[in-house]
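Enquirer: In this note's numbering, the protein residues as written are 707 to 1099.
Yeah, the Cβ is synthetic: ideal placement off N, Cα and C, and Gly gets one too.
A single structure is presented below for examination.
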């Protein structure tokens, strides 16, 4: 086997440019696939981290399809809906949230932001998710106080708003009393948080909320409580124009979406590896033709068909392995560049996760492509008859 390995390596060295171009096809394919899979793994990790920060004792009730990202006619919830939910056994608290796009103005500049109307205890329940960088939360009785997200404090305006400054939201002035740490998602970090009632009045509604967070007293019974909430609201609203999500439901939905996206993108990227495999096959077939007399000599001096087969398979495997190693290295660099660009645009929540398992998978996949692509040329070489091969010009 050592002699066959040395012989295959020597053959690759004799045609350096052709070998380099063949390896390059594998390198590009592996790097793209690895970067895409690392992006998917990072997105899954980031979302799971956010779900853990929200806590396993909370249920979100939202209008139907609101979390799908598709435009939908939203039927808001009312205080009577929340009162009905709060009376369900197992419910510890009900947190109303009012969420709308808005225009913020600060020292002559304006920007599109989001406004979140919420009760102070609502933010306090999510203390692992919403962490104060400076200042404090607004109080229940305050109607002109606001807490701003990280991007509003640091990136939205040229002159950075700070605690004590006044910022206008849809033409109404609010005193900034707190600034949040970076959450990592652009929407959350570009949100201005104000008390619920002033937010409702700003949009001309008095008894409407866009989303309800339900805190349960026992996380182990969260699925049972979710079923009760669904039954109660469906009876009250005359049908199911809403969705009830537990943390596990959200995680499963996100995983399914990411699996589909990753599969499609990886499938597209795999085309480059298939092209690389075709190049390997073409290279080895050309090599077989060029070395026909050499193969004849090998067989004439006693080399078996199996030994010839192994020489060409080893050469194909070497091309796949070298391309895989270089592709993994390039994939790591590409993944980090994507992460840097993503964080600059999306925030710290954008993560690209490269782990040893992903690197081994990419390397193994490249090796497999090399070996499979080399099977037919190796078979052709092994089937050559010594006499005919020696006559070949």
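Tell me which residue opens and which closes the beta strand (DSSP E) that residue 838 is part of.
Expert: Counting along the chain, the beta strand (DSSP E) containing residue 838 begins and ends at 838 to 841.
Enquirer: Are residue 817 and residue 858 touching if we call contact CB-CB under 9 Å?
Expert: Contact flag set, yes.
Enquirer: Specify the secondary structure class of residue 830 as computed by DSSP and reduced to three states.
Expert: DSSP places residue 830 in helix when its eight states are reduced to three.
Enquirer: For the beta strand (DSSP E) containing residue 802, list its first residue and its last residue.
Expert: Residues 797 to 812.
Enquirer: Going along the chain, which residues of its own chain have a beta-carbon closer than 7 Å to the beta-carbon of residue 1059, five neighbours each way excluded?
Expert: The answer, listed in chain order, is 744, 747, 748, 751.
Enquirer: Among 844, 940, 983, which has the Cα closest to the Cα of residue 1024?
Expert: For residue 1024, the nearest C-alpha among the options comes from 983.
Enquirer: Quick check: residue 905 and residue 800, are their CB atoms within less than 9 Å of each other?
Expert: Contact: no.
Enquirer: Looking only at its own chain, which residues have a Cβ that is under 8 Å from the Cβ of residue 1064, when we skip the five neighbours before and after it?
Expert: Here the set comprises 740, 743, 744, 747.
Enquirer: Between 1004, 1074, 924, 1041, which lies nearest to residue 1030 when the distance is taken from Cα to Cα?
Expert: Nearest of 1004, 1074, 924, 1041 to residue 1030, Cα basis: 1074.
Enquirer: Is the beta carbon of residue 930 sitting closer than 9 Å to the one on residue 796?
Expert: Contact: yes.
Enquirer: Only counting the same chain, and skipping five residues up and downstream in sequence, which positions put a Cβ closer than 8 Å to that of residue 848?
Expert: Excluding sequence neighbours, residue 848 sits near 883, 901.
Enquirer: Okay, do the segment 976 to 991 and the segment 1043 to 1050 touch, 3+ Cβ pairs below 8 Å being the bar?
Expert: With a cut-off of 8 Å, the segment 1043 to 1050 and the segment 976 to 991 do not count as touching, because too few Cβ pairs lie within range.
Enquirer: Could you check whether the segment 911 to 929 touches the segment 884 to 892, counting it as contact only if at least three pairs of C-beta atoms, one from each stretch, sit closer than 8 Å?
Expert: With a cut-off of 8 Å, the segment 884 to 892 and the segment 911 to 929 do not count as touching, because too few Cβ pairs lie within range.
Enquirer: With DSSP as the reference, label residue 722 as helix, strand or coil.
Expert: Looking at residue 722 - three-state DSSP - the assignment turns out to be helix.
Enquirer: Counting along the chain, where does the beta strand (DSSP E) carrying residue 1056 start and finish?
Expert: Here residue 1056 belongs to no beta strand (DSSP E), and DSSP marks it neither H nor E.
Enquirer: Mapping the DSSP letters down to three states, classify residue 776 as helix, strand or coil.
Expert: Residue placement at residue 776 is poorly supported in this model, since its pLDDT is 44, which falls under 50; the coordinates still yield a value, given next. Correct three-state label for residue 776: coil.
Enquirer: Unbroken alpha helix (DSSP H) runs of length 4 or more, entirely within the segment 889 to 959: which are they?
Expert: The segment 889 to 959 contains these whole alpha helix (DSSP H) runs: 892 to 895, 902 to 908, 928 to 943.
Enquirer: What are the residues that DSSP puts in a beta bridge with residue 820?
Expert: 807, 897.
Enquirer: On the criterion of 16 or more Cβ atoms from any shown chain inside 10 Å, does residue 948 qualify as buried, or is it exposed?
Expert: Label assigned to residue 948: buried.
Enquirer: Between which two residues does the beta strand (DSSP E) harbouring residue 879 extend?
Expert: Per DSSP, residue 879 belongs to the beta strand (DSSP E) from 878 to 886.
Enquirer: Kindly indicate the opening and closing residues of the alpha helix (DSSP H) around residue 1083.
Expert: That run of the alpha helix (DSSP H) goes 1062 to 1088.
Enquirer: Should residue 833 be labelled buried (16 or more other beta-carbon atoms within 10 Å of its own) or exposed?
Expert: Its Cβ having fewer than 16 others within 10 Å, residue 833 is exposed.
Enquirer: Between the C-alpha atoms of residue 1085 and residue 1007, what's the straight-line distance to the nearest angstrom?
Expert: Those two C-alpha atoms are separated by around 19 Å.
Enquirer: Leaving out the 5 sequence neighbours to the left and right, which residues in its chain are closer than 6 Å to residue 914 when beta-carbon positions are compared?
Expert: Here the set comprises 782.
Enquirer: Can you check DSSP and say which residues form a bridge with residue 768?
Expert: Bridge partners of residue 768: 949.
Enquirer: How many Å lie between residue 880 and residue 805 at the Cα?
Expert: Distance between the alpha carbons of residue 880 and residue 805: 17 Å.
Enquirer: Just the C-alpha distance for residue 754 and residue 1028, rounded to the nearest angstrom, thanks.
Expert: Their Cα atoms are separated by approximately 35 Å.
Enquirer: How long is the line joining the alpha carbons of residue 1051 and residue 1020, rounded to whole angstroms?
Expert: The alpha-carbon atoms of residue 1051 and residue 1020 are separated by roughly 45 Å.
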